[in-house]
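Enquirer: One structure coming up, written as structure tokens, with questions to follow.
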Amino acid sequence: MIVVGGGLGGLWAALTLAEHGVQVDLFSLFEVKRSHSACAQGGINAVLDSKGEHDSIEQHILDTIKGGAYLANQPPIKSLCEAAPGLIRTFERMGVTFSRTPEGLMDLRLFGGVKKRRTCFAGASTGQQLLYGVDEQVRAQEVAGRIRKHEWWEFLSLVKDPDDNCRGIVAMDLRSLDVVSFRADAVILATGGLGLIYGRSTNSTNSTGAAASRVYQQGAHFANGEFIQFHPTTMLGEDKTRLMSEAARGEGGRIWVPKDLHDKRMPNDIPESARWYFLEEWYPSYGNTVPRDVASRAIWKLVRELGYGIGGEDAVYLDLTHLDPDFIETRLGAILDIYRKFQGVDPVKEPMKIFPGIHYSMGGLWIDFETDATSGGIRWDSPRNHATNIPGLYACGECDYGYHGANRLGANSLLSASYSGQVAGEAVASYLQGIESGCDTVDEAHYSAEQQRQTEINQQLMRANGPENPYALHRELGMIMATHVNVVRDNPGLDQAAEALQKLEARFWKLCLGERSGWANQSLVYARQVHDMIVLGRVITAGARARDESRGSHYKPAFNLEIPQGKFPGDPEFEAYRKAWKENNDNWLKTTIAEHNSAGPRISYEAVDLSIIAPEEPRDYR
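Numbered according to our numbering, the sequence shown terminates at residue 603, and the numbering increases by one at each position without gaps.
Okay, structure coming up:
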């Protein structure tokens, strides 16, 4: 059994399988403790209600479904939210040091898109603490001989048997560049996000989506690619964007700009009366903790359309200076240090400058699930859960599309990664019990042929002596996506992007790497990832072009239904809007499915399972 990916999803999948007595080979691009899960800052959601706010699992389910604009299949969400409290207790037993109240209770903070505090956290480095906790358990299974780690190996492709079942992988040793095939009765892909398609993002530099792209090119379906989350509070940089966690707003941070767009004073010199707290004005019910897609569009509108960017830049203020410094240092110290280091400003004394940045992909590899008729959630041990359309290939974590619909709620990421890893592990354990013949019956010729194909790709790229540079192509890719497939989209721009990406993919095969070393050749590794990013860029763009509506993170003003200002349910104008919203759902409340084709992605749609909560009310955060 093979698990590819060393983040929370991959570690949980490997751990679950090992506890079932399955021998696991775990592949990772680097040491698993460096996986991008370590970068998650703000927390993980679970209904514990230690604040006495009468929170409920039913409310968590509703917030997640509504936050995703009703686009996610609902049985998996139900089971996700129900499992969350037990998952937190498991992390506790693993030794994760969650922040506590003075009374010793689990502390909770507020996150976007909700009104109840349900986010457990470990300061502002929650992902790192969770990752280290699970890795310790995986190391115990290593000592017991049930898990073998292959760190500094890159997944290149699947090996399939004559019936198109996944029966192993081909991977490359990133030191020696040796290309090797590995047998397995099933494979779980847990390879994270794809933020580097946009050039600069809050993701680590290894979040290219290359592994998901490679199995997509081998026949796996990719779902809802057009839904890309732009986090509203990121620090823009020349090298990358850096996340200023949603926890900052959850702890009382306020977003504002000067009311006078020509006001050149330093922020601390601008009195309250001259500040425009626009989120609090436009969305008084949620204020600064509206969902990420809503906040990002509001900031985009204020800066790009109304011209209120601070100093003419892409920036608004995120202000913590009104809060107790010791309190903020304790709760948010990790992100404060990041801002101090890269901006040279102390956020405790002066407001931060932030702007929306690429952060998360709600879309990913299509996965199946089986509904439990009794609970309405998923059947825990079904081999269908997290299975892709390629038999024997499973996906979990950010590289699947399963839990977030059109927009992810903050702090549901660490939850879905951990939970989906467990579910995928259980599903594969069931799948392995049901297969009649495994990888040991597959002729060696299938493995050697795929190994040779991947070796020849490497040799072709090493020999190439064309005019193109992979680093320049990646910069062009990022510019195309950031220009035309950003917070606000339109069909002419998407058409331009689709044409440009098609040309970019054709140019890729005219590369010159500038390096022919057979040892640790980073240009070769990077070049292969650039091609796979271009392929997924075409998927994202094609899905966005085909979806003529606005939903969650996908926003086309020409097809947007605006909530009537000052009107609420019962008003004739609001009821007319509600009718138009329901008609739009009849047309577009469906999952986008992309299939690989040499001419470009083939787009189709499938129905969304709405068995838990019918979408009768428009998504309204006023």
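Glycine included, every Cβ here is placed at the ideal spot set by N, Cα and C. Note that the structure is a prediction, hence the values are computed from the model and not measured.
1. Quick check: the Cα distance between serine 399 and histidine 17, rounded to an integer number of angstroms?
2. So, with DSSP's three-state summary, where would you put histidine 340?
3. Going along the chain, which residues of its own chain have a beta-carbon closer than 8 Å to the beta-carbon of threonine 215, five neighbours each way excluded?
4. Name the two residues that bound the continuous alpha helix (DSSP H) containing phenylalanine 555.
5. Using a Cβ-Cβ cut-off of 7 Å (strictly less than) and excluding sequence neighbours within five positions of glutamate 431, which residues of its own chain qualify?
6. What do you get for glycine 611, buried or exposed, if any count of 16 or more other CB atoms within 10 angstroms of its CB means buried?
7. Could you tell me the distance, in whole angstroms, from the CA atom of threonine 573 to the CA atom of alanine 204?
8. Can you find the residues in the same chain that come closer than 8 Å, C-beta to C-beta, to leucine 396, ignoring five residues on each side of it along the sequence?
9. Assuming tyrosine 400 is part of the alpha helix (DSSP H), what are its boundary residues?
10. If you measure between the beta carbons of isoleucine 236 and tyrosine 298, is that distance less than 8 Å?
11. Could you give the residue range of the beta strand (DSSP E) that holds leucine 442?
12. I need the straight-line Cα distance from asparagine 578 to cysteine 380, nearest angstrom please.
13. Counting pairs of beta carbons, one from the segment 360 to 379 and one from the segment -13 to -5, are three or more of them closer than 8 Å?
14. Can you give me the Cβ contacts of aspartate 362 inside the same chain, cut-off strictly under 8 Å, excluding the 5 residues immediately before and after it?
15. Is the CB-CB distance between tyrosine 51 and tyrosine 264 below 8 Å?
16. Helix, strand or coil: which one does DSSP assign to aspartate 6?
17. Please classify histidine 243 as buried or exposed, where buried requires at least 16 other C-beta atoms within 10 Å of its C-beta.
18. Do the segment 527 to 541 and the segment 198 to 212 meet, that is, are 3 or more Cβ pairs less than 8 Å apart?
19. Are the Cβ atoms of leucine 542 and alanine 561 separated by less than 8 Å?
20. If you compare alpha carbons, which of Asp116, Ser185, Asp250 and Arg90 is closest to threonine 302?
21. For glutamine 403, count neighbouring Cβ atoms within 10 angstroms of its own Cβ and tell me buried if that reaches 16, exposed if not.
22. Give the DSSP-derived three-state secondary structure of glutamate 227 in the structure shown.
23. Quick check: the Cα distance between valine -15 and leucine 170, rounded to an integer number of angstroms?
24. Out of curiosity, what's the CA-to-CA distance linking tyrosine 558 and isoleucine 544?
25. I need the straight-line Cα distance from methionine 247 to glycine 345, nearest angstrom please.
26. Does the beta-carbon of valine 124 have 16 or more other beta-carbons within 10 angstroms, so that it is buried, or is it exposed?
27. Within a Cβ cutoff of 8 Å, which residues of the same chain sit near glycine 581, ignoring the five residues on either side of it in sequence?
28. With a threshold of 6 Å on Cβ separation, who are the neighbours of aspartate 142 within its own chain once the five nearest residues in sequence on each side are excluded?
29. Applying the 10 Å Cβ sphere with the 16-neighbour rule, what's the burial state of proline 252?
30. Count Cβ pairs between the segment 440 to 449 and the segment 188 to 200 that sit closer than 8 Å; are there 3 or more?
31. Work out the CA separation of valine 275 and glycine 629 for me, nearest whole Å.
32. Can you name the residues that DSSP bridges to histidine 212?
33. Tell me which residue opens and which closes the beta strand (DSSP E) that histidine 131 is part of.
34. Considering only the alpha carbon of each residue, which of Thr436, Met462, His131 and Leu492 lies closest to asparagine 446?
35. Helix, strand or coil: which one does DSSP assign to phenylalanine 259?
Expert: For this structure:
1. 13 Å
2. strand
3. Thr183, Thr222, Arg223, Leu224, Met225, Ile335, Phe336, Pro337, Gly338 and His340
4. 553 to 569
5. Ser138, Val140, Val151 and Ser162
6. The structure shown does not extend to residue 611, since the chain is modelled only from -18 through 603, so no value can be given for it.
7. 5 Å
8. Ile25, Asn26, Ala27, Leu61, Ala65 and Leu68
9. 394 to 415
10. yes
11. Where leucine 442 is concerned, there is no enclosing beta strand (DSSP E), although the alpha helix (DSSP H) it sits in stretches over 425 to 444.
12. 20 Å
13. yes
14. Glu407, Ala408, Ala410 and Ser411
15. no
16. strand
17. exposed
18. yes
19. yes
20. Asp250
21. buried
22. coil
23. 5 Å
24. 7 Å
25. 43 Å
26. exposed
27. Ala479, Gln483, Arg519 and Ala523
28. Arg148 and Val423
29. exposed
30. no
31. Nothing can be reported for residue 629: it is not among the residues displayed for the chain, which extend from -18 to 603.
32. Gly338
33. 128 to 132
34. Leu492
35. helix
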